[in-house]
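As structure tokens, this is what we get:
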């Protein structure tokens, strides 16, 4: 997630070093993680599963 660039100054902020260790997520942090998760998950799984995961992330 750290390698995904920010979107403007106020839209998405830099992530902490390890997103999985975040404990007290506020709504904007959760929203930013969901918005940046699609480029992170592209090509991670084999094709039939990859498309389902990407579609699910897009819908969320």
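Numbering (the working numbering), first residue to last: 150 to 209.
All C-beta atoms in this analysis are idealised placements derived from N, C-alpha and C, irrespective of residue type, glycine included.
Its chain contains 206, 209 as the residues whose beta carbon lies nearer than 8 Å to that of residue 183, once the 5 sequence neighbours on both sides are disregarded; these appear in chain order. Its chain contains 187, 190, 191 as the residues whose beta carbon lies nearer than 8 Å to that of residue 203, once the 5 sequence neighbours on both sides are disregarded; these appear in chain order. Excluding residues up to 5 positions away in sequence, nothing lies with its Cβ nearer than 6 Å to the Cβ of residue 193 in the same chain.
Distance from residue 178 to residue 171 at the Cβ level is roughly 7 Å; contact confirmed, criterion being Cβ atoms closer than 8 Å.
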